[in-house]
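Novice:
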Amino acid sequence: MLNEPVDPDVDLHVPPRPPAARRERQGPVVAAVALGGALGAVARYGSSLLWPTAPGAFPWTTMAVNTAGCALIGVLMAVLGAARTAHTLTRPFLGTGVLGGFTTFSTYAVDIQRLVEDGKAATGLAYLALTLLAALAAVWAAATGTRRVLCRRRRVLEERRRALEERRRAPEECGEGGRTR
Amino acid sequence: MNWLLVIAGAMVGAPLRYLTDRAVQSRHDTVFPWGTFTVNVAGCLVLGLVTGAVAAGAASSQVQLLVGTGLCGALTTYSTFSYETLRLAEGGARFFAVANAAGSVVAGLGSAFVGAAVAQAGWG
Numbered sequence: 001m002l003n004e005p006v007d008p009d010v011d012l013h014v015p016p017r018p019p020a021a022r023r024e025r026q027g028p029v030v031a032a033v034a035l036g037g038a039l040g041a042v043a044r045y046g047s048s049l050l051w052p053t054a055p056g057a058f059p060w061t062t063m064a065v066n067t068a069g070c071a072l073i074g075v076l077m078a079v080l081g082a083a084r085t086a087h088t089l090t091r092p093f094l095g096t097g098v099l100g101g102f103t104t105f106s107t108y109a110v111d112i113q114r115l116v117e118d119g120k121a122a123t124g125l126a127y128l129a130l131t132l133l134a135a136l137a138a139v140w141a142a143a144t145g146t147r148r149v150l151c152r153r154r155r156v157l158e159e160r161r162r163a164l165e166e167r168r169r170a171p172e173e174c175g176e177g178g179r180t181r
Numbered sequence: 001m002n003w004l005l006v007i008a009g010a011m012v013g014a015p016l017r018y019l020t021d022r023a024v025q026s027r028h029d030t031v032f033p034w035g036t037f038t039v040n041v042a043g044c045l046v047l048g049l050v051t052g053a054v055a056a057g058a059a060s061s062q063v064q065l066l067v068g069t070g071l072c073g074a075l076t077t078y079s080t081f082s083y084e085t086l087r088l089a090e091g092g093a094r095f096f097a098v099a100n101a102a103g104s105v106v107a108g109l110g111s112a113f114v115g116a117a118v119a120q121a122g123w124g
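Chains as they are written, first to last, in my numbering: chain A, 1 to 181; chain W, 1 to 124.
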């Protein structure tokens with residue numbers, strides 16, 4: 001027991017990075033998350049002003065915001081997964097920042113709590129279930145749909161590239177005498 | 001002014017979520033997204049407290065905007081929660097996917113109720 005490492009998560013074979021260097025590298029990411037989070041929160045606050053929910057009513061606006069944010073993160077992650085090159089701050093800014101700041105779990109929970117407290121338990125329960133279902137359906141549909149579209153597009157581009165290459169390889173056959181375009 | 005309060009709160013809440021998630025995720029090696037779970041449950045507790053305090057007249061609507069709409073709104077997330085649930089389901093960790101969805105809702109709701117009850121006991 002005495003010989004076991006104090007912190008089993010730390011791989012002792014890898015020299016730990018000095019904390020100063022780690023902090024340095026975190027700076028731009030934290031800034032991107034903060035900026036994105038502010039933009040997302042402003043969009044959410046704006047939505048709540050544009051479409052206010054009366055006390056005791058079904059919180060449609062929060063549900064729409066959360067569902068839209070879930071659909072958008074599905075698209076974003078599928079695009080980033082297929083992208084060969086993306087800026088390192090794209091995901092922290094758009095995913096963690098903007099969409100994380102836009103969607104909210106705390107308002108969702110407190111909305112339900114208040115509905116129950118106001119004697120609108122049925123509305124609260126419907127809101128609880130509908131938001132969860134809509135959010136999960138949105139992220140699934142958006143991610144799989146985007147992946148499918150990107151796959152099809154890549155296949156079409158690949159086929160076009162192959163056809164073009166074949167034409168390049170046999171210019172005489174096509175009677176185009178070395179023209180590549 | 002109201003917009004600035006929301007922005008100020010969010011500029012603290014979103015990085016706090018990111019840093020908490022990183023700190024929590026580096027301390028365990030299960031596939032369960034404890035980082036997002038932690039910030040969501042903590043945010044529900046704080047928002048329950050703040051909303052309760054405002055309802056009792058112990059806090060102003062400015063506090064609601066700064067700490068509630070801005071900080072708690074940006075600290076908690078539905079998009080990452082749902083995406084992580086999807087990833088668990090797609091990765092074959094069906095049990096963890098269901099546990100994450102059900103556990104987050106139950107724990108988040110529970111802490112919202114606790115926060116509101118504490119506020120009521122303190123200021124109600």
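Idealized CB from N, CA, C, for every residue including glycine. Quick caveat, the model's predicted, so the values are computed rather than measured.
If the cut is a Cβ gap below 8 Å, which residues of chain W does residue 128 of chain A touch?
Specialist: Walking along the first sequence from the start, residue 128 of chain A turns up at place 128. In chain order: 105 and 109.
Novice: Measure the Cβ-Cβ separation of residue 75 of chain A and residue 146 of chain A and say whether it is below 9 Å.
Specialist: Taking the first sequence and counting its residues from 1, one reaches residue 75 of chain A at position 75. Taking the first sequence and counting its residues from 1, one reaches residue 146 of chain A at position 146. The Cβ-Cβ distance between residue 75 of chain A and residue 146 of chain A falls below 9 Å.
Novice: Quick one: what does DSSP say residue 51 of chain A is sitting in, helix, strand or coil?
Specialist: Within the first sequence, residue 51 of chain A is the residue found at index 51, counting from 1. Reduced to three states, the DSSP call for residue 51 of chain A is coil.
Novice: Could you say which of W/116, W/104 and W/86 lies nearest to residue 47 of chain W if we only look at CA atoms?
Specialist: As a working mapping, residue 47 of chain W is identified with position 47 in the second sequence. Residue 47 of chain W has its Cα closest to that of W/116, out of W/116, W/104 and W/86.
Novice: If you compare alpha carbons, which of W/114, W/81 and W/122 is closest to residue 137 of chain A?
Specialist: To locate residue 137 of chain A, count along the first sequence from 1; it is residue 137. Answer by Cα proximity: W/81.
Novice: Quick one: what's got a C-beta closer than 8 Å to residue 81 of chain A's C-beta in the same chain, skipping five residues either side?
Specialist: Taking the first residue of the first sequence as 1, we reach residue 81 of chain A at position 81. For residue 81 of chain A, where only same-chain residues beyond five positions count, the Cβ hits under 8 Å are 147.
Novice: So the candidates are W/92, W/122, W/90 and W/19; which of them puts its Cα closest to the Cα of residue 76 of chain W?
Specialist: Along the second sequence, read from residue 1 onward, the residue named residue 76 of chain W stands at position 76. For the residues W/92, W/122, W/90 and W/19, the minimum Cα distance to residue 76 of chain W belongs to W/19.
Novice: Starting from the beta carbon of residue 69 of chain W, find every residue of chain A whose beta carbon is closer than 9 Å, and list them in chain order.
Specialist: Within the second sequence, residue 69 of chain W is the residue found at index 69, counting from 1. In chain order: 41, 44, 45, 48, 104 and 107.
Novice: Excluding the 5 residues flanking residue 134 of chain A on each side, which residues of the same chain have their C-beta closer than 7 Å to its C-beta?
Specialist: For the purposes of this step, residue 134 of chain A is taken as residue 134 along the first sequence, with counting starting at 1. Hits under 7 Å: 63 and 67.
Novice: Can you name the residues of chain A whose CB is closer than 7 Å to the CB of residue 82 of chain W?
Specialist: Taking the first residue of the second sequence as 1, we reach residue 82 of chain W at position 82. Close partners of residue 82 of chain W in chain A (Cβ separation under 7 Å): 70, 135, 136 and 139.
Novice: Report yes if the CB atom of residue 186 of chain A is closer than 9 Å to the CB atom of residue 14 of chain W, and no otherwise.
Specialist: No statement about residue 186 of chain A is possible, as the shown extent of chain A runs from 1 to 181 and does not include it.
Novice: DSSP three-state label for residue 78 of chain W, please.
Specialist: Locating residue 78 of chain W in the second sequence gives position 78, where the first residue counts as 1. In this structure, residue 78 of chain W counts as coil in the three-state DSSP scheme.
Novice: Under the rule that 16 or more other beta-carbon atoms within 10 Å means buried, what is residue 8 of chain A, buried or exposed?
Specialist: Looking up residue 8 of chain A in the first sequence gives position 8. At residue 8 of chain A the pLDDT is 48, less than 50, meaning the model places this residue with poor confidence and gives no usable figure here.
Novice: Looking at the structure shown, is residue 26 of chain W part of a helix, part of a strand, or coil, going by DSSP?
Specialist: In the second sequence, counting from the first residue as 1, residue 26 of chain W sits at position 26. In this structure, residue 26 of chain W counts as coil in the three-state DSSP scheme.
Novice: Between residue 92 of chain A and chain W, is any beta-carbon pair separated by less than 9 Å?
Specialist: Start at 1 with the first residue of the first sequence, and residue 92 of chain A comes out as number 92. Yes - at least one Cβ of chain W is within 9 Å of the one on residue 92 of chain A.
Novice: Within 10 Å of its beta-carbon, does residue 60 of chain W have 16 or more other beta-carbons around it, so buried, or fewer, so exposed?
Specialist: Your numbering for residue 60 of chain W matches position 60 in the second sequence. By the neighbour-count rule (16 or more Cβ atoms within 10 Å), residue 60 of chain W is not buried but exposed.
Novice: Kindly confirm or deny that the stretch 61-71 of chain W and the stretch 86-93 of chain A touch, where touching means at least three C-beta pairs closer than 8 Å.
Specialist: no
Novice: Taking contact to mean at least 3 C-beta pairs separated by less than 8 Å, is the stretch 32-52 of chain W in contact with the stretch 152-162 of chain A?
Specialist: Counting Cβ pairs under 8 Å, fewer than three are found: no touch.
Novice: Is any beta-carbon of chain W found at less than 9 Å from that of residue 154 of chain A?
Specialist: One-based indexing of the first sequence puts residue 154 of chain A at position 154. With 9 Å as the cut-off, residue 154 of chain A does not count as an interface residue toward chain W.
Novice: Roughly how many whole angstroms lie between the Cα atoms of residue 121 of chain W and residue 26 of chain A?
Specialist: The residue given as residue 121 of chain W occupies position 121 in the second sequence. The residue given as residue 26 of chain A occupies position 26 in the first sequence. Cα-Cα distance, rounded: 41 Å.
Novice: So, is residue 44 of chain A buried or exposed, given that buried needs 16 or more other C-beta atoms within 10 angstroms?
Specialist: Counting from 1 along the first sequence, the entry for residue 44 of chain A is found at position 44. By the neighbour-count rule (16 or more Cβ atoms within 10 Å), residue 44 of chain A is buried.
Novice: Please confirm whether residue 73 of chain A has its beta-carbon closer than 9 Å to some beta-carbon of chain W.
Specialist: By one-based count along the first sequence, residue 73 of chain A stands at place 73. Closer than 9 Å to some Cβ of chain W, the Cβ of residue 73 of chain A qualifies, so yes.
Novice: Going by CA-CA distance only, name the one from A/140, A/97, A/51 and A/54 that's closest to residue 37 of chain A.
Specialist: Mapped onto the first sequence, residue 37 of chain A falls at position 37. Here the closest residue by C-alpha is A/97.
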